[in-house]
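Below you'll find the structure, written out as structure tokens, and then a few comments.
There are 2 protein chains.
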Amino acid sequence: MQPSDSSEPARVTSADVARLAGVSRATVSFVLNDTAAGRVSEATCAKVRAAAAELGYIGHAPARSLRAGRSNLVVIPTFDAAIGGLMSAWLDGFQTALSGHGYTVVVHASRADDPVAAARSWAELRPAAVFVVQGERLTQAAVDLLRRAGTGPLFALSSTPVPGAHTVILDSTLPGALAVGHLADRGRRRIAVVMPTEPGLDDLAGSRLAGARRAAATHGVEVTPVPMSYRIDDAEKVAARLRADGHDAVYGYNDDYAALLLRALLDQGSAVPDEVAVVGTDDVLIAELLRPRLTSVHFDQVPADQLAGLIHQQILEPETTLEAPSVATMRLVVRDSS
Amino acid sequence: MQPSDSSEPARVTSADVARLAGVSRATVSFVLNDTAAGRVSEATCAKVRAAAAELGYIGHAPARSLRAGRSNLVVIPTFDAAIGGLMSAWLDGFQTALSGHGYTVVVHASRADDPVAAARSWAELRPAAVFVVQGERLTQAAVDLLRRAGTGPLFALSSTPVPGAHTVILDSTLPGALAVGHLADRGRRRIAVVMPTEPGLDDLAGSRLAGARRAAATHGVEVTPVPMSYRIDDAEKVAARLRADGHDAVYGYNDDYAALLLRALLDQGSAVPDEVAVVGTDDVLIAELLRPRLTSVHFDQVPADQLAGLIHQQILEPETTLEAPSVATMRLVVRDSS
DNA sequence: TTGAAAGCGCTAACAA
DNA sequence: TTGTTAGCGCTTTCAA
Numbered sequence: 589m590q591p592s593d594s595s596e597p598a599r600v601t602s603a604d605v606a607r608l609a610g611v612s613r614a615t616v617s618f619v620l621n622d623t624a625a626g627r628v629s630e631a632t633c634a635k636v637r638a639a640a641a642e643l644g645y646i647g648h649a650p651a652r653s654l655r656a657g658r659s660n661l662v663v664i665p666t667f668d669a670a671i672g673g674l675m676s677a678w679l680d681g682f683q684t685a686l687s688g689h690g691y692t693v694v695v696h697a698s699r700a701d702d703p704v705a706a707a708r709s710w711a712e713l714r715p716a717a718v719f720v721v722q723g724e725r726l727t728q729a730a731v732d733l734l735r736r737a738g739t740g741p742l743f744a745l746s747s748t749p750v751p752g753a754h755t756v757i758l759d760s761t762l763p764g765a766l767a768v769g770h771l772a773d774r775g776r777r778r779i780a781v782v783m784p785t786e787p788g789l790d791d792l793a794g795s796r797l798a799g800a801r802r803a804a805a806t807h808g809v810e811v812t813p814v815p816m817s818y819r820i821d822d823a824e825k826v827a828a829r830l831r832a833d834g835h836d837a838v839y840g841y842n843d844d845y846a847a848l849l850l851r852a853l854l855d856q857g858s859a860v861p862d863e864v865a866v867v868g869t870d871d872v873l874i875a876e877l878l879r880p881r882l883t884s885v886h887f888d889q890v891p892a893d894q895l896a897g898l899i900h901q902q903i904l905e906p907e908t909t910l911e912a913p914s915v916a917t918m919r920l921v922v923r924d925s926s
Numbered sequence: 589m590q591p592s593d594s595s596e597p598a599r600v601t602s603a604d605v606a607r608l609a610g611v612s613r614a615t616v617s618f619v620l621n622d623t624a625a626g627r628v629s630e631a632t633c634a635k636v637r638a639a640a641a642e643l644g645y646i647g648h649a650p651a652r653s654l655r656a657g658r659s660n661l662v663v664i665p666t667f668d669a670a671i672g673g674l675m676s677a678w679l680d681g682f683q684t685a686l687s688g689h690g691y692t693v694v695v696h697a698s699r700a701d702d703p704v705a706a707a708r709s710w711a712e713l714r715p716a717a718v719f720v721v722q723g724e725r726l727t728q729a730a731v732d733l734l735r736r737a738g739t740g741p742l743f744a745l746s747s748t749p750v751p752g753a754h755t756v757i758l759d760s761t762l763p764g765a766l767a768v769g770h771l772a773d774r775g776r777r778r779i780a781v782v783m784p785t786e787p788g789l790d791d792l793a794g795s796r797l798a799g800a801r802r803a804a805a806t807h808g809v810e811v812t813p814v815p816m817s818y819r820i821d822d823a824e825k826v827a828a829r830l831r832a833d834g835h836d837a838v839y840g841y842n843d844d845y846a847a848l849l850l851r852a853l854l855d856q857g858s859a860v861p862d863e864v865a866v867v868g869t870d871d872v873l874i875a876e877l878l879r880p881r882l883t884s885v886h887f888d889q890v891p892a893d894q895l896a897g898l899i900h901q902q903i904l905e906p907e908t909t910l911e912a913p914s915v916a917t918m919r920l921v922v923r924d925s926s
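Protein chains in written order, with our numbering: chain G, 589 to 926; chain U, 589 to 926.
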């Protein structure tokens, strides 16, 4: 590693620019924020810009935020969940869309155990908006705290509407329900549900299991949760257990876990789908590559730029009432493994 | 979506807390920042805390940052690169480690085409530190700008040391070189190198190709770049072309692309590795699941919390000279596909 | 068309 | 042990 130079060059402020340009700080502000419409002459504008360029002037976001009473940060808390590949790709686009509107995305690693403490640390940033991907984690107290702090609009992705937040409904129990419903339709009776032991996945796994149980009750089939970590040896143990227990199907939490288990089952000589059916979730390209091809639940993702636009609009006009909750939909993609 | 209430509750500032507690704002500041050591009596502390709790006081990060001349944000620019699953998992841990030190991670979607403009927008945040994952993108001008703005320590992940930044060396050409070297050792002579057409991957793909070419020159074998998108139909076309052109090996950019291509080759009746060898990169678990198992390049990741600690230390004592550049290493994991 | 000045909320040097 | 006070850099109203 290389040491950084310790010399502290004098910081350039808008006052310096004003001095060099021979105008007031107000004028500088107008010019550099393009608020100069009709107020400042072309010549003055040019002078100011030249001065700013010459001095290498760089705006000061904290000062602006202090003045404005609000930052241009959009906070996305993660609640120490393992953000999967699918979500990560989505976030990527979302972030790009938001920065197109002039916002900066803050991915906030919040501790899941205390939603209020988490909300407090978001609120301290005085964010332009907060988008909680795991809306279920949002308590009423946390929502109130954000409101009180004057935080910008609150958005959430959640199974059920979050009071005080603009909720995009995404029913996390549905993948489990779809998978088990499908398996039951195909005559499967003893269905295992993989429960990842990796930290940060419990929430989602729990929801999917709940959906699986609901569907199982409806169809009169049996569902057994099976803990499994994302490792080959563990998958092998689980596969052996499934065979021993006479399960005729398994819902693999997502495509990654399903692929792992599928491999283990095949290696142990199980016929898939004849003896055991396997269903994943996420509909990643892998599902299509495996043999047998993996049945999976496909998410119709909410367009990232559309949501970004909505957030932007809501920041500008908080009074606007939005339409009924958006709903993220999903569907089963049946392939050869079930 | 649900409308948000438009009532604007009066914001609680430290002055309000001071008033309620019957002390000065300075005292409040000392108490709430735990800077009260020996300066404020226990009783006063308690009074202040009680008042803060009663009013639901929430600190104001922008004001603090303005005062301090620096925010507690650590900026991680992405330069619109598609952050892969591996990197995303690493970032997760990194972020958690940093927030343990009291920092907030800002994932900044910077446009890749103008490094200086990007640097300017990071600098406006007056971040505590900047960590550039694609250090190659960092120009001298950008580094200078950050320095001038008084940005905190600059860290980079890069193939070569970045002047003015603490660089963790990660030779992006190495995977290509390792793969091609290995293939050449196994007697392969006509090696295709997959060049993903997805946006944001060009950099990395270019580096890996460069490494491949270097190794090819050394070993006297032939390397051909082959554009391919992450889609089955495209993989099929590429596979057909490889067969037609008589290639006896392919370096698949990463495990995902390699898996895709492997599938296409097998489907078209190519014997892998007998006719065509396949090598990926990242050593994701998938590599182990495929049949034949996929040879891959494994990265020994820099421990996220270690780097976070280093950054924290450098923020506290910018004068400290760090050790020689850390080097992220990697190695080939040979499996059945080559 | 431009300038003067107030103040956003906080911290820390200095006084008491 | 606590209070007073001066800014940090910026925007925006009001006056010129």
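Backbone N, C-alpha and C fix where the C-beta goes; we use that ideal spot for every residue, glycine too.
Kindly say whether residue i, judged by its beta-carbon, lies nearer than 9 Å to any beta-carbon of chain G.
i         : result
U:Arg-708 : yes
U:Ser-858 : no
U:Gln-894 : no
U:Arg-829 : no
U:Ile-671 : yes
U:Phe-851 : Looking at the sequence itself, residue 851 of chain U is Arg, so the reference to Phe does not match. Yes, U:Arg-851 counts as interfacial toward chain G.
U:Met-589 : With a pLDDT of 38 at U:Met-589, under the threshold of 50, the modelled position of this residue cannot be trusted; read the value that follows with caution. U:Met-589 counts as touching chain G.
U:Ala-916 : no
U:Gln-728 : no
Please go through the same chain and pick out, in chain order, the residues whose beta-carbon is closer than 7 Å to the beta-carbon of residue i, but skip the five residues on each side of it.
i         : result
G:Val-726 : Checking the displayed sequence, the identity of residue 726 of chain G turns out to be Leu instead of Val. Answer for G:Leu-726: Pro-703, Val-720, Ala-744, Val-750 and Ala-753, listed in chain order.
U:Val-782 : Val-814, Met-816, Val-838, Tyr-839, Gly-840, Tyr-841, Tyr-845 and Leu-849
Cβ of residue i within 9 Å of Cβ of residue j?
i         : j         : result
U:His-770 : U:Ser-926 : yes
G:Thr-755 : G:Gly-723 : yes
U:Leu-620 : U:Gly-647 : yes
G:Ala-804 : G:Ala-828 : no
G:Glu-824 : G:Gln-856 : yes
U:Thr-917 : U:Asp-888 : yes
G:Asp-862 : G:Arg-777 : no
U:Ala-685 : U:Leu-895 : yes
U:Thr-883 : U:Leu-853 : no
G:Val-600 : G:Tyr-645 : yes
G:Val-826 : G:Ala-780 : yes
G:Ser-747 : G:Ser-795 : yes
G:Val-885 : G:Asp-871 : yes
What residues in its chain sit with their C-beta under 6 Å from that of residue i, if we drop five residues either side in the sequence?
i         : result
G:Ala-737 : Ala-711
U:Arg-613 : Ser-602, Ala-603 and Ala-606
By a C-beta neighbour count over all protein chains shown, 10 Å radius and 16 as the cutoff for buried, is residue i buried or exposed?
i         : result
G:Asn-660 : buried
G:Leu-904 : exposed
G:Pro-931 : Residue 931 of chain G cannot be examined here, being either before or after the span of chain G that is shown, 589 to 926.
U:Pro-741 : buried
G:Gly-672 : buried
G:Arg-627 : exposed
G:Ser-629 : exposed
G:Thr-739 : buried
G:Ser-594 : With a pLDDT of only 39 at G:Ser-594, under 50, the local geometry of the prediction cannot be trusted, and the value read off the model is given with reservation. That one is exposed.
U:Pro-650 : buried
G:Thr-615 : buried
U:Asp-833 : exposed
U:Ala-717 : buried
Say yes only if the C-beta of residue i is nearer than 8 Å to one or more non-hydrogen atoms of the ligand GDP, and no if none qualify.
i         : result
G:Val-662 : With respect to the ligand GDP, the structure shown offers nothing to examine, as it has no ligands at all.
Quick check on residue i - is its C-beta less than 9 Å from some C-beta in chain U?
i         : result
G:Gly-738 : yes
G:Tyr-841 : no
G:Asp-870 : no
G:Thr-748 : no
G:Ser-795 : no
G:Leu-620 : no
G:Arg-714 : yes
G:His-648 : yes
What does a CB cutoff of less than 8 Å around residue i pick up in its chain, not counting 5 residues either side in sequence?
i         : result
U:Ser-617 : Ser-602 and Thr-623
* Would you say the region 664-674 of chain U touches the region 730-737 of chain G, given that touching needs at least three Cβ pairs under 8 Å? -> Touching, no.
* Asked: Counting Cβ pairs closer than 8 Å, one from the region 892-905 of chain U and one from the region 758-774 of chain U, do we hit at least three?
  -> Short answer: they don't touch.
* To do: Flag this pair as touching only if the region 813-822 of chain G and the region 774-793 of chain G have three or more C-beta atom pairs under 8 Å; answer yes or no.
  => Touching, per the Cβ criterion.
* Asked: Do the region 834-846 of chain G and the region 873-886 of chain G touch if we need at least three Cβ pairs shorter than 8 Å?
  -> Touching, yes, given that three or more Cβ pairs across the two stretches are closer than 8 Å.
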